[in-house]
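Okay, structure first, notes after.
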Amino acid sequence: MSAPAAPATPSSIDDLPPAIEVRGVRRVYKAKPNPVTALDGVDLDVAPGELFGLLGPNGAGKTTLIKILTTLLLPTDGTARVFGFDVARQTTEIRRIMNIVSGGEQSGYGLLQVREQLWMFSQFYGIPVREGWRRVDELIDAVGLQEQRHQKISSLSTGQRQKLNLARGLMNDPWILFLDEPTLGLDVSAARVVRDLVRGWQAAVPGRTILLTSHYMAEVDELCDRLAIVDHGRILALGTPTELKQRVSAGSIFRLVLDALEGGVEPIAALPGVERAVLAADDATAPDGQTVAVNLQLTDDAVLGSVITALAAQDAHIVALQKSEPTLEDVFVELVGRGFGDAPEGDR
Amino acid sequence: MTQLAGSQARPQRDARGTWQERLLTWRTAVRLGWAVESNWADPVLFLIYSIAKPIASVLMLVVMLQVISNGAASTADLGFVIVGSALWAFVMGGIAGLAWSILDDRERYRMLRYLAILPGSLSVILLGRGTARLLIAGMGSVITLVVACLITGVPIDIGRIDWIMLLVCMAIGLVAVIALGTLMAAVCMQTRQDSWSYPEAVAGALFLLVGAVFPIVVLPQVVQWVGLLMPLTWWIEGIRRAVLPDAASGIGGVGSVWTDVTGTLAPDQGVILVVSMATTAMATLVAFGGYRWSERRARERGLLDRTTGS
Ligand SMILES: Nc1ncnc2c1ncn2[C@@H]1O[C@H](COP(=O)(O)OP(=O)(O)OP(=O)(O)O)[C@@H](O)[C@H]1O
Ligand SMILES: [Mg+2]
Chain F
0 MSAPAAPATP
10 SSIDDLPPAI
20 EVRGVRRVYK
30 AKPNPVTALD
40 GVDLDVAPGE
50 LFGLLGPNGA
60 GKTTLIKILT
70 TLLLPTDGTA
80 RVFGFDVARQ
90 TTEIRRIMNI
100 VSGGEQSGYG
110 LLQVREQLWM
120 FSQFYGIPVR
130 EGWRRVDELI
140 DAVGLQEQRH
150 QKISSLSTGQ
160 RQKLNLARGL
170 MNDPWILFLD
180 EPTLGLDVSA
190 ARVVRDLVRG
200 WQAAVPGRTI
210 LLTSHYMAEV
220 DELCDRLAIV
230 DHGRILALGT
240 PTELKQRVSA
250 GSIFRLVLDA
260 LEGGVEPIAA
270 LPGVERAVLA
280 ADDATAPDGQ
290 TVAVNLQLTD
300 DAVLGSVITA
310 LAAQDAHIVA
320 LQKSEPTLED
330 VFVELVGRGF
340 GDAPEGDR
Chain P
0 MTQLAGSQAR
10 PQRDARGTWQ
20 ERLLTWRTAV
30 RLGWAVESNW
40 ADPVLFLIYS
50 IAKPIASVLM
60 LVVMLQVISN
70 GAASTADLGF
80 VIVGSALWAF
90 VMGGIAGLAW
100 SILDDRERYR
110 MLRYLAILPG
120 SLSVILLGRG
130 TARLLIAGMG
140 SVITLVVACL
150 ITGVPIDIGR
160 IDWIMLLVCM
170 AIGLVAVIAL
180 GTLMAAVCMQ
190 TRQDSWSYPE
200 AVAGALFLLV
210 GAVFPIVVLP
220 QVVQWVGLLM
230 PLTWWIEGIR
240 RAVLPDAASG
250 IGGVGSVWTD
260 VTGTLAPDQG
270 VILVVSMATT
280 AMATLVAFGG
290 YRWSERRARE
300 RGLLDRTTGS
């Protein structure tokens, strides 16, 4: 099979092969004491034009899957195809039509200027010289590095490096872009810029596909058409954010903010009528560490009374109480059996 | 904000891996290497690393030779040592330059993964990245040779230089050095961060085997065999013959493996050329296979984008 010759147009999208087609992929790392099974039989289909999310705790296998799809790593078992091209054998074809941007990196040729490094990549991608410079400047504008265009890369901040990395990732105008925690370490407004840019880029041409991993549930919820929840190298659930949230059994969901919780969540979780009580991960209410947020799922609103009594007995005071709709985090907790907040730190 | 609508960056997408494409990739990598290594172009650093260092080691060898021979070393003996060790700067720079581009891009700049996912082949990119160091080392070698000859009074007679032999040998030697560098890069792709010193250590060990500063007849028989299989041995000998027709032969001599096997005291020019081409071809094949194996294994083990700590 030869590389698809023409860019995807609305009429041709239906003829394209699946953007991602993963069948029974396993990946075992030969690690020191014991081998690590990072992926344990993954099947996944992503259609052209989708913005697909992978959500999972540290060590779930998200990055491993992305490395396999981007031809950096071979699967131990199983097959994976990107736009019909096999990741093990048709690497050149895949490399022409994909790119990857990872977050939280310190990559870059420190001595080069922002513009120079991007230009090098335009040349590696075979863009004619004049057009290459034009493309470089266009991307610099798009990611908002205008003021840094002549700055040495060694002097860029983390967020600026990340924007530079994103500009490099868009250089070949890929059909599919892999984003591994693209907003890691960015401040709120920089993260917003990245998200808007990525979404705008994808929407501009039908068929552009994105596979995104993130720890931020809200980000995945906001951006993704569909997502898969992964843990221990397996896909536990797959669907649109709405579908997944509907899966969480009915009942009442509350978010409690407490001044302290000396006894932990276990005594509360043990109360009759409490289906689940976990520490919240995206703890936006407690940036100072002074408060503790707990997500509760109760069979009925009335159970709240006994929870409050139990808390009072623990000498924990309620700072805020909010009844809420299920979030992806609730879905995650239900599937994985633990909250993001108490997920054990995985090796990176 | 720009829409980044499609179509602008697509022109070359369907071109298959052509030679033209490889050439463009290589050229870009040379530029990248030059730009990244541009502190090498800083005159002071260039003087220290590429000229002062090799000249110093050549002169050190010359002094040692004079001491050992009680000052009786002939200019032919001195020329032997000077040519061999001046060329060594090039070998060192070539082998280390190629191998270090893997380590630099992986450990220091953390860009190896982004180079690895380019459609152009990684080996071509690494070759380009190493070219700057190779060029600089080449210049260093020539300057070292000239300066050392002037200082020690070894006469190089321009009129007696065999230019054709010199050019052919240089071309073969370039291929041989690149092959060895590629092999070293393949090793460094597999090893950990502390392998920075491997290329120079390996080059240093080779130095003793290939008759750079003494004829290989002084080596034990088994080691002589190894030396005779090395393309560098023949390359150095060829250059020496071309530049200094009166210098002693580094290969052969009474009691040497070469003389035992062939019955000749020393190989003539034709033999040197043929054997150096054959050994270089062999080294190139080994390097090619070794590199392919290494890149494949790196993909199996996920070595391309790891950093081993810094
Ligand atoms: N090179 C390696 N050698 C050995 N084990 C590895 C290697 N890379 C990853 N692992 C292991 O594989 C598992 C999956 O790792 P992976 O990086 O894919 O997780 P992840 O979902 O991306 O996690 P995170 O959210 O922390 O980025 C982890 O247990 C990790 O320790
Ligand atoms: Mg990861």
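Keeping their order, the protein sequence lines are chains F and P. For the first sequence, the positions run 0 to 347 when numbering that gives the first Met the number 0 is used. For the second sequence, the positions run 0 to 309 when numbering that gives the first Met the number 0 is used. Glycine included, every Cβ here is placed at the ideal spot set by N, Cα and C.
Per-residue burial, P:L166 [other beta carbons within 10 Å of its own, 16 or more giving buried]: Position 167 of the second sequence, counted from the start, is the residue given in the question as residue 166 of chain P. P:L166 is exposed by the Cβ-count criterion.
Contiguous alpha helix (DSSP H) assignments of at least 4 residues, all confined to the segment 172-251 of chain P: 197-208, 220-228 and 230-242
Any non-hydrogen atom of ligand 2 within 7 Å of F:D179 CB: Taking the first sequence and counting its residues from 1, one reaches residue 179 of chain F at position 180. Flag set: Cβ of F:D179 near ligand 2.
Simplified DSSP state of F:G52, which is helix, strand or coil: By 1-based counting over the first sequence, the position of residue 52 of chain F is 53. Strand.
Beta carbon of P:P244 nearer than 8 Å to that of P:A175: Numbered from its first residue, the second sequence carries residue 244 of chain P at position 245. Numbered from its first residue, the second sequence carries residue 175 of chain P at position 176. No, they are not a contact pair.
Residue from F:T182, F:S323, F:D299 and F:V291 whose Cα sits closest to the Cα of F:S315: Translated into positions along the first sequence, residue 315 of chain F becomes position 316. Residue identity check: residue 315 of chain F is Ala in the sequence provided, not Ser. Of the listed residues, the one whose Cα sits closest to F:A315 is F:V291.
C-beta contact flag for F:R25 and F:G40 at 8 Å: Along the first sequence, one-based indexing puts residue 25 of chain F at 26. Along the first sequence, one-based indexing puts residue 40 of chain F at 41. A contact, by the Cβ cut-off of 8 Å.
Run of the beta strand (DSSP E) containing F:N294, from where it starts to where it stops: As a first step, residue 294 of chain F is located in the first sequence; it is residue number 295 there, counting from the start. Note, F:N294: beta strand (DSSP E), V291 to L297.
Start and end residues, beta strand (DSSP E) containing F:I234: Within the first sequence, numbered from 1, the residue matching residue 234 of chain F stands at position 235. Note, F:I234: beta strand (DSSP E), R233 to G238.
Secondary structure, beta strand (DSSP E): runs of 3+ residues fully inside the segment 38-93 of chain F: 50-54 and 76-81
Member of F:I307, F:F51, F:Q145 and F:L176 whose CA lies at the smallest distance from the CA of F:R114: Residue 114 of chain F sits at position 115 when you count from the first residue of the first sequence. Minimum Cα distance to F:R114 is reached at F:Q145.
Simplified DSSP state of F:K322, which is helix, strand or coil: Walking along the first sequence from the start, residue 322 of chain F turns up at place 323. In the structure shown, F:K322 sits in a strand (DSSP, three-state: E or B).
The segment 193-208 of chain F touching the segment 225-238 of chain F, judged by at least three CB pairs closer than 8 Å: no
Cutoff 8 Å: F:K31 Cβ touching any chain P Cβ: Sequence index remark: in the first sequence, residue 31 of chain F carries index 32 (1-based). So no, F:K31 is outside the interface.
Interface residues of the segment 111-130 of chain P facing chain F [CB-CB below 7 Å]: R112, Y113, A115, I116, L117, P118 and G119
Span separating the alpha-carbon of P:G249 from that of P:V216: Mapped onto the second sequence, residue 249 of chain P falls at position 250. Mapped onto the second sequence, residue 216 of chain P falls at position 217. Computed Cα separation, rounded: 8 Å.
Residues of the segment 50-70 of chain F with Cβ closer than 9 Å to any Cβ of chain P, in chain order: T63, K66, T69 and T70
F:D140, DSSP secondary structure in three states: The count along the first sequence starts at 1 and reaches residue 140 of chain F at position 141. The answer is helix: DSSP assigns F:D140 an H, G or I state.
Classification of P:T27 by the beta-carbon crowding that lies within 10 angstroms, buried from 16 upward: Taking the first residue of the second sequence as position 1, residue 27 of chain P is located at position 28. P:T27 comes out buried.
Backbone secondary structure at F:T241 - three-state DSSP: Translated into positions along the first sequence, residue 241 of chain F becomes position 242. Here F:T241 sits in helix by DSSP.
Alpha helix (DSSP H) segment containing P:L258, residue limits: Taking the second sequence and counting its residues from 1, one reaches residue 258 of chain P at position 259. Contrary to the premise, residue 258 of chain P reads as Thr rather than Leu in this sequence. P:T258 -> alpha helix (DSSP H) spans V256 to T261.
Short Cβ contact (8 Å threshold) for F:V45 with F:P17: Residue numbering aside, residue 45 of chain F sits at position 46 when the first sequence is read from its first letter. Residue numbering aside, residue 17 of chain F sits at position 18 when the first sequence is read from its first letter. The answer is yes: Cβ separation under 8 Å.
Counted within 10 angstroms of its Cβ, other Cβ atoms place P:T47 as buried (16 or more) or exposed: In the second sequence, counting from the first residue as 1, residue 47 of chain P sits at position 48. The displayed chain sequence assigns Ile, not Thr, to residue 47 of chain P. Label assigned to P:I47: exposed.
Outcome for P:I157 when other beta-carbon atoms lying within 10 angstroms are tallied against a minimum of 16: Translated into positions along the second sequence, residue 157 of chain P becomes position 158. It counts as exposed.
Cβ neighbour criterion (16 or more within 10 Å) applied to F:T62: As a first step, residue 62 of chain F must be located in the first sequence, where it is residue number 63. Classification for F:T62: buried.
Contact list for the segment 80-103 of chain F against chain P, Cβ threshold 9 Å: A87, T90, T91, E92, I93, R94, R95, I96, M97, N98, I99 and S101
C-beta neighbour in chain P for F:S156, strict 8 Å: The residue given as residue 156 of chain F occupies position 157 in the first sequence. It does not: the Cβ of F:S156 has no partner Cβ on chain P nearer than 8 Å.
Spatially closest choice to F:L53 from F:I267, F:D14, F:I139 and F:P240, by CA coordinates: Taking the first residue of the first sequence as 1, we reach residue 53 of chain F at position 54. Checking every option, the nearest Cα to that of F:L53 belongs to F:P240.
Burial state of P:R295, where buried means 16 or more other Cβ atoms lie within 10 Å: The residue given as residue 295 of chain P occupies position 296 in the second sequence. Exposed: under 16 other Cβ atoms inside 10 Å.
Distance between beta carbons of F:N171 and F:V108, contact taken as under 8 Å: One-based indexing of the first sequence puts residue 108 of chain F at position 109. One-based indexing of the first sequence puts residue 171 of chain F at position 172. Note that residue 108 of chain F corresponds to Tyr in the displayed sequence, not to Val. Not quite, the Cβ-Cβ distance comes to about 19 Å (not below 8 Å), so this is no contact.
Distance cut-off 7 Å: F:T62 Cβ against heavy atoms of ligand 2: Within the first sequence, numbered from 1, the residue matching residue 62 of chain F stands at position 63. Because some heavy atom of ligand 2 lies under 7 Å away, the Cβ of F:T62 counts as near it: yes.
Short CB-CB distance (under 8 Å) between F:R167 and chain P: The residue you call residue 167 of chain F lines up with position 168 of the first sequence. Taking Cβ atoms only, chain P reaches closer than 8 Å to F:R167, which makes this a yes.
Contact list for P:G92 against chain F, beta-carbon separation under 8 Å: Sequence index remark: in the second sequence, residue 92 of chain P carries index 93 (1-based). Correct list: empty, because the minimum Cβ distance to chain F is about 20 Å.
C-beta contact flag for P:C187 and P:A241 at 8 Å: Position 188 of the second sequence, counted from the start, is the residue given in the question as residue 187 of chain P. Position 242 of the second sequence, counted from the start, is the residue given in the question as residue 241 of chain P. Result no, Cβ atoms of P:C187 and P:A241 do not sit closer than 8 Å.
Short Cβ contact (8 Å threshold) for P:I271 with F:L71: Here the question's residue 271 of chain P lines up with position 272 in the second sequence. Here the question's residue 71 of chain F lines up with position 72 in the first sequence. Cβ distance not < 8 Å, so P:I271 and F:L71 don't count as in contact.
Reduced DSSP category for F:Q145 - H, G, I as helix; E, B as strand; rest coil: Taking the first residue of the first sequence as 1, we reach residue 145 of chain F at position 146. Here F:Q145 sits in helix by DSSP.
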